[in-house]
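There are 2 protein chains.
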Amino acid sequence: MSAFSRFTPLAQTLPSTVPFVGPEAIERNRGLAVRARLGANESGFGPAPSVLEAMRKAAETTWMYSDPENFELREALALHHGISRDNIAVGGGIDGLLGEIVRLVIEPGAAVVTSLGGYPTFNYHVNGFGGRLVTVPYVADREDLDSLLAAVRRENAPLVYFANPDNPMGSWWDADNVVSFARALPETTLLILDEAYGETAPAGTIPSIDALIGQPNVLRMRTFSKAYGLAGARIGYAIGTLGNAQAFDKIRNHFGMARVSVQAALAALEDRAYLTDVIARIAASRERISQIAFSNGLSPLASATNFVTIDCGRDGTHARAIVDGLMEHGVFIRMPGVAPLNRCIRISVGPQDDMALLEEALPQVLQRVANSK
Amino acid sequence: MSAFSRFTPLAQTLPSTVPFVGPEAIERNRGLAVRARLGANESGFGPAPSVLEAMRKAAETTWMYSDPENFELREALALHHGISRDNIAVGGGIDGLLGEIVRLVIEPGAAVVTSLGGYPTFNYHVNGFGGRLVTVPYVADREDLDSLLAAVRRENAPLVYFANPDNPMGSWWDADNVVSFARALPETTLLILDEAYGETAPAGTIPSIDALIGQPNVLRMRTFSKAYGLAGARIGYAIGTLGNAQAFDKIRNHFGMARVSVQAALAALEDRAYLTDVIARIAASRERISQIAFSNGLSPLASATNFVTIDCGRDGTHARAIVDGLMEHGVFIRMPGVAPLNRCIRISVGPQDDMALLEEALPQVLQRVANSK
């Protein structure tokens, strides 16, 4: 092996892995072309035209580093949420922020509570800092708040992760339940409340900012990657107490934000009309995916997100055959990684052409999968 | 304090700091406007027009995450350097990659050797992972290779940082010296050879890629932030053995790259004519800065970079007064942080208008500084 001989013991135990294989790698490895990109919970509706225009204009400023304090963006986000910019930390998507939080909280061996089958990138970061994952099964395809709380107490865990709405299942809890859960946690346990899909959730799902802003053991995560259609910009942010927001300044890559991306986020915050419109289109596309599933004899789950998880009624092998089969038609989707969630497939919303491709391919794939049994 | 009560002991000792205060913060804090941005070693000449065009086109694709394997960019870089893409790791600028390397190598208390007054962001990452900085003074405003090597041996250090050409002094060693230094290091010491300013260095400064590619204790760092004029894009890369390049995959934020930035880097690699042209303009601007310094009775140092470090002949207080005074004229520059380097100021290259502002402001500032003594 050609690697340096003295990486840390922890680093030496880690695999060189990627939490999700990208569609580009699938194309390369299988010699297939993606025609409908419906697997990564991106938004095929894209960002607002006003955002694209802002990005094109910002290109000329890209010779400059972006403001390391992210002042303007934090100020705009503060206005948007009715809080202070000192309650906000900006980072390279929620993925980047998750890594920073784990680093701030977890020493090797420390217990971290999450749901079995929950967000793999969070687990990746926990493993990367030597944390010990303690997982709680989903109940009825929803994260189990009571059991998460019990696991936290049993393990005296310094960190717990909860996504509301949930990925990969699309399920959600009402705001009241979320707030009760957050308040019941020991003050020595930090809750990562991942609200990446918050914009597309039904009213009453997302607690008010005020409800948790004063709680030093809660960090709420938001992103421009989903409803705002800016996954490739890599802008996420954490909302928390002053002390918690400042904690990121201890370790983050201060000059790490891409300038065009920051301008994109600023423009996206301005264009409320587009956001309202695209949320409606996302809801309509969810409906469309559900109808396609129903008409093929599958069971779509209710979703508060920009994707629909579909119960295919059998096991992981069966669902995997559907995922792989759709890819042969150029339809890229994904599926949950562990049983019993992996009886499902997960399809992101997208524009009409993508839905048409899905509608055409799915029955063919299901027929072939049935015949090959 | 409103922070979570159970951050790691290490995290609790770290200050919420920024390695460099940004010009935007100086503008906000002092109520001044930057008219010539000559302090961050960016390139006021900007990227190629072809790159700007590629960025504007790429905006439309920003709803998609960037390929987590960075396949296309690594392939293009491999072609450019005549190596395999498996020898390349891509990250969020050299700053981001430095943090990853420190994380892979340093456990709390481990010795890390660097030069006294060398790159502060590297020190920031070392502190962030609890490493123990062991510093070696510059000799004649150049990093001292013999003493770096001696310190490595004395401390049995797993990591040593060396920038060639150097920031903040602009000085450099010939390739032969660099290769000898790298080969003399114990195999249990990883050399970070930071070549951020490699494109602007004289012929014979940068070792051939072949000279070090097989050495498992060397990682060479490159960036699109300097000569390529893409500081705000945040694209850097490390060149090393297969095993070392793959080591980043253990811990990096795989979906962390901004899509428009990656397209910018790809376009920049294509436009060799622009790079040749801009390197000549950078050299001319260095010359201009040196002339301005000379004609004001100051002593510019020779530079292999996109900035000129100027000996102002007195101490840090004197140099600081010049830096602050220039800012009052809207001319943003920086200076080295520690003695004896801090007798100097550091001015980045830039277009004619910026040089004219500098030329106009500097004598006024020097006069005022002299009068105030």
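So the sequence lines, in the order shown, correspond to chains A and B.
What the first sequence shows, in the working numbering, is residues 1 to 373, in sequence order.
What the second sequence shows, in the working numbering, is residues 1001 to 1373, in sequence order.
C-beta: ideal position from N, C-alpha, C; glycine also.
- Interface criterion met: the Cβ of residue 254 of chain A is under 7 angstroms from a Cβ in chain B.
- Taken in chain order, the unbroken stretches of alpha helix (DSSP H) that lie wholly in the region 184–230 of chain A and span 4 residues or more are 209–213.
- Against chain A, the CB of residue 1269 of chain B has no partner CB under 7 angstroms away; the residue lies outside that interface.
- Under the 7 angstroms criterion on CB atoms, residue 158 of chain A is classed as interfacial with respect to chain B.
- Nearest C-alpha to residue 76 of chain A among A/301, A/196 and A/270: A/270.
- Taking a C-beta distance under 7 angstroms as the contact criterion, residue 139 of chain A and residue 133 of chain A do not qualify as a contact pair.
- When the five nearest sequence neighbours on each side are left out, the beta carbons in the same chain lying within less than 8 angstroms of the beta carbon of residue 263 of chain A are those of 54, 55, 57, 58 and 61, in order along the chain.
- Taking a Cβ-Cβ cut-off of 9 angstroms, residue 155 of chain A has no neighbours in chain B, whose nearest Cβ is about 13 angstroms from it.
- For residue 1282 of chain B, the closest of B/1065, B/1354 and B/1019 by C-alpha to C-alpha distance is B/1354.
- For the region 1016–1035 of chain B, the residues whose beta carbon sits under 9 angstroms from a beta carbon of chain A are, in order, 1016, 1017, 1018, 1019, 1020, 1021, 1022, 1023, 1024, 1025 and 1028.
- Under the DSSP assignment, residue 317 of chain A falls in the alpha helix (DSSP H) whose first and last residues are 316–328.
- Residue 1201 of chain B and residue 184 of chain A have their C-alpha atoms some 60 angstroms from each other.
- Rounded to the nearest angstrom, the gap between the Cα atoms of residue 4 of chain A and residue 1330 of chain B is 47 angstroms.
- One finds 11, 14, 15, 16, 17 and 128 in chain A with Cβ atoms closer than 8 angstroms to the Cβ of residue 1250 of chain B, taken in chain order.
- A Cβ-Cβ separation of about 50 angstroms leaves residue 68 of chain A out of contact with residue 294 of chain A under the 8 angstroms criterion.
- Pairing residue 265 of chain A with residue 73 of chain A gives a Cβ-Cβ distance under 7 angstroms.
- For residue 132 of chain A, no alpha helix (DSSP H) run applies; the uninterrupted beta strand (DSSP E) run containing it begins and ends at 132–136, by DSSP.
- Going by DSSP, residue 1078 of chain B is part of the alpha helix (DSSP H) stretching over 1071–1081.
- Boundaries of the beta strand (DSSP E) harbouring residue 1311 of chain B: 1307–1311, taken from the DSSP string.
- Within a 10 Å sphere around the beta-carbon of residue 1079 of chain B sit fewer than 16 other beta-carbons, which makes this residue exposed.
- Of all residues in the region 48–66 of chain A, those with a C-beta nearer than 7 angstroms to a C-beta of chain B are 52, 55, 56, 59, 60, 61, 62, 63, 64, 65 and 66, reading in chain order.
- Secondary structure at residue 147 of chain A: helix, using DSSP grouped into helix, strand and coil.
- A straight-line Cα-Cα distance of about 13 angstroms links residue 1046 of chain B and residue 1040 of chain B.
- Across the structure, residue 338 of chain A and residue 37 of chain A are spaced so that their CA atoms are roughly 23 angstroms apart.
- In this structure residue 1311 of chain B is in contact with residue 1298 of chain B, their Cβ atoms being roughly 7 angstroms apart against a cut-off of 8 angstroms.
- Between residue 136 of chain A and residue 149 of chain A, the CB-CB gap reaches or exceeds 7 angstroms.
- Interface residue (Cβ-Cβ distance to chain B less than 7 angstroms): residue 99 of chain A is classified as such.
- Going by C-alpha positions, residue 1186 of chain B is about 31 angstroms away from residue 1226 of chain B.
- With respect to the C-alpha of residue 1245 of chain B, the residue from B/1085, B/1130, B/1019 and B/1229 having the closest C-alpha is B/1085.
- Inclusion of residue 1242 of chain B and residue 2 of chain A in the CB contact set at 7 angstroms is warranted, their separation being smaller than that value.
- Secondary structure of residue 1097 of chain B (DSSP, three-state): helix.
- Near chain A, meaning a CB-to-CB distance below 7 angstroms, the residues of the region 1221–1233 of chain B are 1229, 1230, 1231, 1232 and 1233.
- A Cβ-Cβ separation of about 6 angstroms places residue 248 of chain A in contact with residue 100 of chain A under the 8 angstroms criterion.
- Within a 10 Å sphere around the beta-carbon of residue 1029 of chain B sit fewer than 16 other beta-carbons, which makes this residue exposed.
- Shown here for residue 252 of chain A: same chain residues with a beta carbon closer than 8 angstroms to its own, the five before and five after excluded, namely 89, 91 and 100 in chain order.
- Pairwise C-beta distances place the region 1102–1118 of chain B in contact with the region 1154–1164 of chain B, as three or more of them are shorter than 8 angstroms.
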